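> One structure is given below, represented as structure tokens, and several questions about it will come after.
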Amino acid sequence: MEEVGTGLLDRLDAMQRVAASAPGGPLLIVAGPGTGKTRTLTHRIAYLCAELNVFPEQCLAITFTRRAAEELRHRLDGLLGPVAEDVTVGTFHSLGLTILRENAQAAGLPADFRIADDADRAAARAEAGDDDERYAALLRKRDLVDLDELLTLPVALLKGDRKLVKEYRERWKWIFVDEYQDVDAVQYDLLRLLSPADGNLCAIGDPDQAIYSFRGADVGYFLRFSQDFTDARLVRLNRNYRSSAPILAAAVQAIAPSSLVRGRRLDPARLDPEAPLVGRYAATSVADEADFLVRTIDDLVGGLSHRSLDSGRIDGRATSLSFSDIAVLYRTDSQAAPIVDALARANIPVQKRSHDRLRDRPGVTAIARELRHAGLDGSLPARVRLAGQLVAERFAVPTLDGSGAVRPEDVRAAVDLLTPLARRCGDDLGLFLAQLATGAEVDALDPRAEAVTLLTLHAAKGLEFPVVFLVGAEDGLLPLRWPGQEPDDDAVAEERRLFFVGLTRAQDRLYVSHAARRTRHGSERECRPSPFLDVIDPGLFERFGDTEPRRPKDRQLRLI
Ligand code: ATP
Ligand code: MG
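Pasting the structure below:
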């Protein structure tokens, strides 16, 4: 546990300290990538509790993903010690679930209401047809709550009950929201109910990283924070601790045409004059692009060391980089397959972040049903194991028509996948089943695994890697366009923000590549490099593998 009290803010820079120690009232922290948002947010909570006598149980910290919530929880534990447990940390959905469970009766739900799973939803849909009113009624009749309702029901409940609003405002006097740029209408409504206009609401985010409008997020809520909340204080963090100066310069130029932040500035804290330029590779084909990856990764990680059982030092060359330092980012999931193949052929270990939902894995549904109905005893992880055994026994002999057959190896894999979630849920079976239903993901991504990480640009948000390859930087992929689709300014701006998110994941080395030919939607076509590359000063690139004359390595940094 870190020392709380005097030294608490020492690990922050001047502006981070201003943000972390700001007095109560609405506070908006506008912070670009790599400026230490989570660091500032967690230190603010710790500072308030240690210095201003705020009780941890009065603090509510909301993020968008379970992974981000866990990261927050972990860092708070480090700063505050055991009392960090009293801070409510969660996603919007888990917050909605908490409110609904505490007020099930008032919401017209039985205490043991369940979240509808796919089968429940499909059944209700089949019966209700297009009739949304009727659909909801069917779910209600079966004591089920739909995912969206985890937010809409609490909002409706609070809107109709001033006393309840007052109770929650008393409980959570301090509210913190990370990634505020991705708030949608109902989440915003919920926040407005939980926080008075002059409340202690601290919103952190970066409008230039708003990449979820396709899911209903609206960056407008971020932009009008100071209209919505009284006397809002605004703090900007401009110092980027993550990326080398050339990477940062390229990223800042890339976002400039669409920036939503007036006078966007990102000052590099890192000023190594030897920092490599941004690598740019013009591949002839997708296969050529994958070859470039293999060659470059081999170079970076030290020749063939990974294929040898020796010390990892080949040709007398030692390198401090390992596969886990490297990420490959792409716009669409379909780009992953040829890359996985090429890396695997070269014996380069890869891990791909999966967006599969846990509940879609074979065996998981059967185990969940067993847990729900069998009345098992013991800790939740033990119950999961037991349910797995029961399922394995029951389905050991497949039915004649093959329906209901679950392979024993699938059941074992399912138990392994479910155990970490079971641990996180304490012994709360209801919470466990709710998490499954709300789409907990198969989270096979291990930050320490000795493997190159492959992930989409969306999934890369918030993460950082020493080496990043951004592949497929082509018109039609970045910005993404379907055949025959007219370019739309808002969509292009969001794609540019996504490109910005990708570039700013890199700490030390960034490579951007594009292929001259690619098969999309079933036919191979010629591709032009992404227009997003055109606004980046060519002097920031070191070009590989095309016919253009190589520029002399211009190590002079062009800083903004
Ligand atoms: P993103 O918008 O990409 O999510 P972020 O603003 O959340 O970025 P962090 O991931 O919190 O940024 O921080 C980026 C990196 O900078 C981390 O490695 C963090 O440890 C480091 N960092 C942040 N603040 C400081 C500081 N004051 N001194 C040293 N390192 C710092
Ligand atoms: Mg972050």
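Residues in the sequence shown are numbered from 504 upward in steps of one, following the UniProt record's numbering. Don't be surprised by glycine CBs; every beta carbon is placed ideally from N, CA and C. In this text the structure is predicted, and so the values were computed from the model without any measurement.
With DSSP as the reference, label T566 as helix, strand or coil.
strand
> At which residue ranges does the region 634-684 contain complete alpha helix (DSSP H) runs of 4 or more residues, listed in the order of the chain?
Contiguous alpha helix (DSSP H) elements confined to the region 634-684 occur at 635-644, 652-662 and 665-674, taking only those with 4 or more residues.
> Bridge partners of K855, per DSSP?
L957
> State whether the region 964-971 contacts the region 1003-1019, with contact taken as three or more CB pairs (one from each stretch) at a distance under 8 angstroms.
yes
> On the DSSP bridge assignment, give the partners of T1022 in chain order.
E1027
> Can you say whether A937 is buried or exposed, counting buried as having 16 or more other CB atoms within 10 angstroms of its CB?
buried
> Going by DSSP, which residues form a beta bridge with E605?
BP columns for E605 are empty, so no partner.
> With which residues is T594 paired in a DSSP beta bridge?
T594 pairs with T566.
> Between I870, G929, I758 and A786, which has its C-alpha nearest residue 461's C-alpha?
With the chain represented from 504 up to 1063, any question about residue 461 goes unanswered, as that position is not in the structure.
> Within 10 angstroms of the Cβ of N850, are there 16 or more other Cβ atoms? Answer buried if so, exposed if not.
exposed
> G552 lies in the alpha helix (DSSP H); which residues open and close that run?
One point to set straight first is that residue 552 is Cys, not Gly, in the sequence displayed. K540 to E554 is the span of the alpha helix (DSSP H), which, as asked, contains C552.
> For T868, count neighbouring C-beta atoms within 10 Å of its own C-beta (all shown protein chains included) and say buried if the count is 16 or more, exposed if not.
buried
> In the structure shown, what three-state DSSP assignment does G782 receive?
strand
> On the CB-based measure, 16 or more other CB atoms within 10 Å of its CB, does G891 come out buried or exposed?
buried
> If you draw a straight line from the alpha carbon of G987 to that of L960, how long is it in whole angstroms?
In a straight line, the C-alpha of G987 is about 24 angstroms away from that of L960.
> G1005: beta carbon under 7 angstroms from a heavy atom of the ligand ATP?
no
> Rounded to the nearest angstrom, what separates L824 and R570 at their Cα positions?
25 angstroms
> Collect the residues with a C-beta less than 6 angstroms away from any heavy atom of the ligand MG and give them in sequence order along the chain.
K540, T541 and G965
> Return yes when the C-beta of E536 is under 7 angstroms from any heavy atom of the ligand ATP, and no when it is not.
Reading off the sequence, residue 536 comes out as Pro, not Glu. Yes, Cβ of P536 sits closer than 7 angstroms to a heavy atom of the ligand ATP.
> Decide if A840 is buried, meaning its Cβ has at least 16 other Cβ atoms within 10 Å, or exposed.
exposed
> In whole angstroms, give me the CA-to-CA distance for R886 and D649.
26 angstroms
> Any heavy atom of the ligand ATP closer than 7 angstroms to the CB of Y683?
no
> So what does DSSP say about F616, is it helix, strand or coil?
coil
> Can you tell me the Cα-Cα spacing of T545 and G719, whole angstroms?
28 angstroms
> Out of L598, D993 and P559, state which residue places its alpha-carbon closest to the alpha-carbon of W677.
P559
> In the DSSP assignment, what residue or residues form a beta bridge with C705?
L530 and F679
> For the region 658-669 against the region 625-639, do three or more pairs of beta-carbon atoms, one drawn from each stretch, fall closer than 8 angstroms, so that the two count as touching?
By the Cβ criterion, the region 658-669 is not in contact with the region 625-639, since fewer than three pairs of Cβ atoms, one from each stretch, lie closer than 8 angstroms.
> Leaving out five residues on either side along the sequence, give the residues of the same chain with a beta carbon under 7 angstroms from the beta carbon of V804.
T822, L824, S825 and F826
> Which two residues bound the contiguous alpha helix (DSSP H) that contains E896?
Counting along the chain, the alpha helix (DSSP H) containing E896 begins and ends at L883 to R897.
> Based on DSSP bridge pairs, tell me the residues matched to S1016.
Y784
> Residues in the same chain with beta-carbon distance under 6 angstroms from G599, minus the five sequence neighbours each way, listed in chain order, please.
L653, L654 and P657
> Distance, Cα to Cα, R926 vs L883?
7 angstroms
> Nearest to A564 by CA position, among E998, E574 and N556, is which residue?
E574
> Please report the distance separating the alpha-carbon of T1007 from that of L726.
22 angstroms
> Where does G510 sit, in a helix, a strand or coil, going by DSSP?
helix
> Is the closest heavy atom of the ligand ATP to the C-beta of Q892 under 7 angstroms?
no
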